[in-house]
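Q: Once you've had a glance at the structure underneath, I'll fire off some questions.
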Amino acid sequence: MNERANENSWIPLIVVACASFIIVLDSLFMNVSISRIVVDLNADVSTIQMIVSFCTLITAALILFSTKLQDIVGKKKLFFIGAALFGIGIFTAVISSSVIMFFVGWSAIKGVAAALMLPAIVSIISGIYSGRKRTIALATLGIMSGLADILAPLLGGVITTYFSWRYAFAFELIFILFILVMQNKIPDFKPTESKNDLDIIGTIISSIGLVLLVLGILTLTKDVNTSIGEIILGLIVLAIFIWFELKRKRSGKVPLLDVELFRDKNLRIGTSIKLLYNIVISGTFFVMVLFFQSVLQLNPFDTGVASLPFTLALLIFSVSTPKLIGKLNHKKLLAIGCIISIVGCLILSYQFKLNISMFDLIPGLFLLGSGIGFMLALGSDVALFDIPAESQNNASGIISTGETLGSSMGTAIIGIVLILGVMGGISTAIDTYAPDYSGDEQFHQEVYDYFQKLDTIDGQDSIVVNTADIIIQSAMASVMVALAIVLGVILILTMRINDKNVKKQ
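Residue 641 is where the sequence shown starts when you use the working numbering, and the numbers rise one by one after that.
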């Protein structure tokens, strides 16, 4: 094949990295724009949040199917079909005159497009570049995601505040046009299978399992019992899928996903690391936005500015980490990143208070972002260490699925931790300032309801202020400790990376 002939050119990387950039940018633009979309389309917040959830569900359900389509259609062709659909979906959203039209464009069409593009992004990079260049290329994808994390709140906040949310989404079409114009710069990858090899039953089973799993994750903060049931059922269906795929392969048929790839230790570890650090990233953004806007009363643009210590550190260290390969191996660099981020979480665990300014949070946020930058740069590379060329497409699907699950899980899991932290803070606050009501569950619930609706504590009496301060400290400390625990799990996984394979790179 002639794919490696392009290894000396970084143009294919630039084209593919633009896709990684706009996928992240788009989801963050949505977070900034929700309130304006609600007003413009005469909707409500829960409807728009449902649209966001459906987009995630559609993407998750189709990722494994998309992975197999790379082998049948060709990864380049599938990537550009996805890019074109992404543009159509965004354009439909931009001109939407109703919630239904917005759902069709942003959720349905764009959700399918993201599913087609995500696995192809990784597999195109791994198909063109090898060794140190692959490390740099995969790290660049992380860098582009980090750049989107920085620009989305700032750019989206300005455009949405002073112009319209429609212009914010329309901005993405510039990148889509660039990707489509530059398609000849990506080498052709010949299909390795025919449409007769497509595993329809496996596609249906995996889609059902992933939808149930992600749906359960997304609704964890609303109905815990139902959500846990959906998650368990989803895991059972996915276990059936694995059994079916093993049976299909042993019978001589082509499986939708070669689950025997999971025997590769570094693929399991790399995918797990990507899943977990995406939990940390999405969870961190969730609590930062909540604290900056609800407690410090910052607008979307100022929230983006306040988040810069985290996002800039993430970007700086994801850029610089690949340059350290050779001096230190992947295991050591990832371990260093985990430790730095854990220190950042521990510092932040006692800093979130009513009277704190965003400047006081800079050291902790910078350390947290710095450590994640190491992971962002190296996670995919670790997962692909031992994967042969013919299995790169399957591996990219596994990695993309882990990444999607992590992003879905972050907000839901951290949301639950936040609620538990609030409840614990209420108990402490009542015991301190209203001990006569310590055992009164109704009073506890009233305080909880009041705290949820509290927009600002300015002008409130000292007892209310002190109570709110304790609740905020408890909730945010719980979140930071939970994030530190997740990072601790990543550190343990890092210790199990196969060093021998790392040194071969």
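No residue lacks a Cβ here, since even glycine has one placed at the ideal position from N, Cα and C.
(1) What does the Cβ neighbour count give for ILE840, buried or exposed, with the cut at 16 atoms within 10 Å?
(2) Go ahead and label ASN1033 buried or exposed: buried means 16 or more other beta carbons lie within 10 angstroms of its beta carbon, across all protein chains shown.
(3) What is the DSSP secondary structure of LEU756, reduced to helix, strand or coil?
(4) For ASN939, count the other beta carbons within 10 Å of its own beta carbon; 16 or more makes it buried, fewer makes it exposed. Which is it?
(5) Count the other C-beta atoms from every protein chain shown that fall within 10 angstroms of the C-beta of PRO1028, then say buried if there are 16 or more, exposed otherwise.
(6) Are GLY1009 and LEU954 closer than 9 Å when you measure CB to CB?
(7) Would you call the CB atoms of ALA1147 and ILE703 closer than 9 Å?
(8) To the nearest angstrom, report how far apart PRO602 and ALA1117 are at their CA atoms.
(9) Check whether the region 878-888 and the region 826-838 are in contact - that is, three or more C-beta pairs closer than 8 Å.
(10) Along the alpha helix (DSSP H) that carries LEU681, what are the first and last residues, could you check?
(11) Shortest alpha-carbon distance to SER960 belongs to which of LEU1001, ASN969, GLY1013 and SER981?
(12) Which word fits ASP1109, buried or exposed, when buried means at least 16 other C-beta atoms lie within 10 angstroms of its C-beta?
(13) Assign ASP904 to buried or exposed, taking buried as 16 or more other Cβ atoms, counted over all protein chains shown, within 10 Å of its Cβ.
(14) For ILE996, which of helix, strand or coil comes out of DSSP?
(15) Checking 9 Å against the spacing of the C-beta atoms, do LEU1024 and GLY910 come in under that value?
(16) Look up ILE965 in the DSSP assignment and say whether it is helix, strand or coil.
(17) When you compare only the Cα positions, how much space is there between ASP1095 and GLY849?
(18) Considering only heavy atoms of the ligand PLP, does any lie closer than 8 Å to the CB of VAL920?
(19) Does the contact criterion of 3 or more C-beta pairs under 8 Å hold for the region 815-823 versus the region 685-701?
(20) Here's the rule: buried if 16 or more other CB atoms are within 10 angstroms of the residue's CB, otherwise exposed. What is GLY966?
(21) Go ahead and label THR800 buried or exposed: buried means 16 or more other beta carbons lie within 10 angstroms of its beta carbon, across all protein chains shown.
(22) Can you look up GLN937 in the DSSP assignment and give me helix, strand or coil?
(23) Quick check on ILE735: buried or exposed, where buried means 16 or more other Cβ atoms within 10 Å of its Cβ?
A: For this structure:
(1) exposed
(2) buried
(3) helix
(4) exposed
(5) exposed
(6) yes
(7) With the chain covering 641 to 1145 only, the question about residue 1147 has no answer from this structure.
(8) Nothing can be reported for residue 602: it is not among the residues displayed for the chain, which extend from 641 to 1145.
(9) no
(10) It is not in any alpha helix (DSSP H) - LEU681 carries neither H nor E in the DSSP assignment.
(11) GLY1013
(12) buried
(13) buried
(14) coil
(15) yes
(16) strand
(17) At ASP1095 the pLDDT is 49, less than 50, meaning the model places this residue with poor confidence; the figure from the coordinates comes in the next sentence. The alpha-carbon atoms of ASP1095 and GLY849 are separated by roughly 39 Å.
(18) Judged by which ligands are present, the structure shown has none, so any question about the ligand PLP falls away.
(19) no
(20) exposed
(21) buried
(22) coil
(23) exposed
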